[in-house]
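So the structure is just underneath, and the comments pick up after that.
Number of protein chains: 2
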Amino acid sequence: MAEEKPAVTEEKPAAKEKPAVTEEKPAAKEKPAAENVVFIGIKPVMNYVLAVITQFNMGSGDVILKARGKAISRTVDVAEITRNRFLQGLIVKNILIGTEEVQGERGATNVSTIEIVLGRGK
Amino acid sequence: MAEEKPAVTEEKPAAKEKPAVTEEKPAAKEKPAAENVVFIGIKPVMNYVLAVITQFNMGSGDVILKARGKAISRTVDVAEITRNRFLQGLIVKNILIGTEEVQGERGATNVSTIEIVLGRGK
Numbered sequence: 001m002a003e004e005k006p007a008v009t010e011e012k013p014a015a016k017e018k019p020a021v022t023e024e025k026p027a028a029k030e031k032p033a034a035e036n037v038v039f040i041g042i043k044p045v046m047n048y049v050l051a052v053i054t055q056f057n058m059g060s061g062d063v064i065l066k067a068r069g070k071a072i073s074r075t076v077d078v079a080e081i082t083r084n085r086f087l088q089g090l091i092v093k094n095i096l097i098g099t100e101e102v103q104g105e106r107g108a109t110n111v112s113t114i115e116i117v118l119g120r121g122k
Numbered sequence: 123m124a125e126e127k128p129a130v131t132e133e134k135p136a137a138k139e140k141p142a143v144t145e146e147k148p149a150a151k152e153k154p155a156a157e158n159v160v161f162i163g164i165k166p167v168m169n170y171v172l173a174v175i176t177q178f179n180m181g182s183g184d185v186i187l188k189a190r191g192k193a194i195s196r197t198v199d200v201a202e203i204t205r206n207r208f209l210q211g212l213i214v215k216n217i218l219i220g221t222e223e224v225q226g227e228r229g230a231t232n233v234s235t236i237e238i239v240l241g242r243g244k
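These protein sequence lines map, in sequence, to chains A and B.
Just so we're aligned: 96 in this note's numbering is position 96 of the first sequence, and the numbers increase by one with no gaps anywhere.
Just remember that this note's numbering sits 122 ahead of the position in the second sequence, which is counted from 1.
This is the structure in structure tokens:
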């Protein structure tokens, strides 16, 4: 059952998917995504809702939704649908917003980020 | 100076813009938007950033950004641009997410909402 995690769970930067034998970058900067992080991208909302439910069913106490740019709206949808329709005990434990610099075609641009921490209520 | 508030500040539901002589709906449900609330819609981000700056310059201690649906991403942009580029002392005091039911063409649908409270740091 634990192997049946849906493939939508994580949209990591490609660099993290290399085997960890070469360490060209300083390792301290970006550690691998934790098990309980769901990166929200451009897929349908329900894919991510399923990923969050799966994380909780695998025993995670908290699940962190992360997104940037236009996916931020979808991230709020995922949190709301999950806790209103599927896991009623969930609470929003914390919400953080921030800014990241990304390298685009015309140089560096800033993009907004969000992190929503969902957890089981008392 | 206080009259020069930009016209982008509030995108209220049309019902609130009627003169308050007829009270067909129960008034308790939706009270008029407070002075320090900026509703984020589909206009360019900088319009809203200017509205937020204006609110603070008029003496507001806190300014609340509100949005729903796809405008949620833009709301985070407004908060981040305002505090990173224009008013460095600002802090994010609180972020709330929720769900509202809206009447669409095909009946009621749910839409996600966000409220970001910006305030001056200590």
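From the three backbone atoms N, C-alpha and C, an ideal C-beta is built for every residue, glycine too.
Keep in mind that this is a model prediction, so the values were computed, not measured.
Extent of the continuous alpha helix (DSSP H) run through residue i
{"i": "I164 of chain B", "result": "Careful: I164 of chain B lies outside any alpha helix (DSSP H) and carries neither H nor E."}
Amino acids of chain A, ordered along the chain, whose beta-carbon sits closer than 8 angstroms to that of residue i
{"i": "S195 of chain B", "result": "G69, K70, A71, I72, S73 and S112"}
Neighbourhood of residue i by C-beta, 7 angstroms cutoff - its chain only, sequence neighbours within 5 removed
{"i": "T109 of chain A", "result": "V102"}
{"i": "T197 of chain B", "result": "I162, L187, A189, I236 and I238"}
{"i": "S61 of chain A", "result": "It is worth fixing the name first, because residue 61 of chain A is Gly in this sequence and not Ser. These residues qualify, in order along the chain: G119 and R120."}
{"i": "N158 of chain B", "result": "Q177, S182, D184, V185 and I186"}
Outcome for residue i when other beta-carbon atoms lying within 10 angstroms are tallied against a minimum of 16
{"i": "F178 of chain B", "result": "buried"}
{"i": "N94 of chain A", "result": "exposed"}
{"i": "I97 of chain A", "result": "buried"}
{"i": "G226 of chain B", "result": "exposed"}
Residue i: contacting residues in chain A (beta-carbon distance under 7 angstroms)
{"i": "A201 of chain B", "result": "I97"}
{"i": "V198 of chain B", "result": "I72, I97, S112 and I114"}
8 angstroms CB neighbourhood of residue i in its chain, flanking five on each side removed
{"i": "T99 of chain A", "result": "N110, V111, S112 and T113"}
{"i": "F208 of chain B", "result": "V171 and I175"}
{"i": "V38 of chain A", "result": "T9, E10, Y48, A51, V52, Q55, V63, I64, L65, K66 and V78"}
{"i": "Q210 of chain B", "result": "none"}
Residue i - containing beta strand (DSSP E), residue span
{"i": "E80 of chain A", "result": "Counting along the chain, E80 of chain A falls outside any beta strand (DSSP E), though it belongs to the alpha helix (DSSP H) covering A71 to I81."}
{"i": "R190 of chain B", "result": "D184 to R190"}
{"i": "L240 of chain B", "result": "G229 to R242"}
{"i": "G226 of chain B", "result": "L212 to G226"}
Chain A contact residues for residue i, given Cβ-Cβ distances below 9 angstroms
{"i": "N206 of chain B", "result": "T99 and N110"}
Partners in chain B for residue i, counting only beta-carbon separations shorter than 7 angstroms
{"i": "V92 of chain A", "result": "I219"}
Minimum Cβ-Cβ distance from residue i to chain D less than 9 angstroms
{"i": "K43 of chain A", "result": "Absence of chain D from the displayed structure is noted, the protein chains being A and B."}
Cβ shell of residue i (< 6 angstroms), same chain only, five flanking positions each side left out
{"i": "L90 of chain A", "result": "R83 and L118"}
{"i": "G69 of chain A", "result": "V111"}
{"i": "G107 of chain A", "result": "none"}
- Task: Evaluate the contact criterion for the region 185-203 of chain B versus the region 157-170 of chain B: three or more CB pairs, one atom per stretch, below 8 angstroms.
- Result: Yes, they touch.
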